[in-house]
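One structure below.
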Amino acid sequence: MRIAVYPGSFDPITKGHLDIIERSAKVFDKLIVAVLINPDKKGLFNIEERVELIEKVTNHLDNIEVDSFNGLLVNYMVENKAQVIIKGLRAVSDFEYEFQMALVNKKLNQDIETLCMMTSAKYAYLSSSSLKQVAMFGGCINDLVPEEIIDDIKMKLKK
Ligand code: ADP
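Just so it is clear: in the sequence shown, position 36 is 143 by our numbering, and no numbers are missing.
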């Protein structure tokens, strides 16, 4: 069974992330979307909320699992019998960072491959942080996040 892991902060999930999830789900038997727990970074949503939002928008896909993890990604991969790390690439700036991470992960475990999927052009500008900025200042986020979670984001920002 070919199992891939798509790791990230997903604070919150955007249409750009969902696009990568839908496309990679077609290529693998199972895709685990794994929310990275970073104690140093307090996000807008806590880890449980991020997992819930991802579950909400991936309901239509049956080979997706949503989880969270801390520590080394390669260890998490082994624990879950996953062989491939999926990364989304938007711009050259993403490439440099992902290239370095892929080499480090390869050094740690030679059996694990990193595959980068190019963003769909319509989401090339989209990141969780730009989405949060637009939402915070009352801009329209309809094209940026899946419809099912628009209210969750608006509610969170009202608090
Ligand atoms: P963000 O940069 O949005 O805060 P994350 O840390 O949650 O993203 O990223 C998780 C993964 O999703 C990374 O591999 C990132 O490059 C990818 N990604 C994020 N936004 C997009 C997008 N619009 N198109 C393609 N890939 C994306």
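Where is the CB? At the ideal position from N, CA and C, for every residue including glycine.
Name the residue from S200, E162 and I192 whose alpha carbon lies nearest to the alpha carbon of A231.
One-based indexing of the sequence shown puts residue 231 at position 124. Cα-wise, what sits closest to A231 is S200.
Ligand 1 and H167: does any heavy atom of the ligand fall closer than 7 Å to the residue's C-beta?
Taking the sequence shown and counting its residues from 1, one reaches residue 167 at position 60. No, the Cβ of H167 stays beyond 7 Å of every heavy atom of ligand 1.
Whole-angstrom Cβ separation of G123 and G195, contact assumed at under 8 Å?
Numbered from 1 along the sequence shown, position 16 holds the residue referred to as residue 123. Numbered from 1 along the sequence shown, position 88 holds the residue referred to as residue 195. Contact flag correct, Cβ pair sits at about 7 Å.
Closest Cα partner of V191 within the set A209, N153 and L168:
Here the question's residue 191 lines up with position 84 in the sequence shown. Closest by alpha carbon: A209.
Cα separation between I257 and D174?
Counted from its first residue, the sequence shown places residue 257 at position 150. Counted from its first residue, the sequence shown places residue 174 at position 67. Rounded to whole angstroms, I257 to D174 spans 22 Å at the Cα level.
Please state whether the Cβ-Cβ distance between F152 and K261 is less than 8 Å.
For the purposes of this step, residue 152 is taken as the residue at position 45 of the sequence shown. For the purposes of this step, residue 261 is taken as the residue at position 154 of the sequence shown. Against a cut-off of 8 Å, the Cβ pair of K261 and F152 comes out as no contact.
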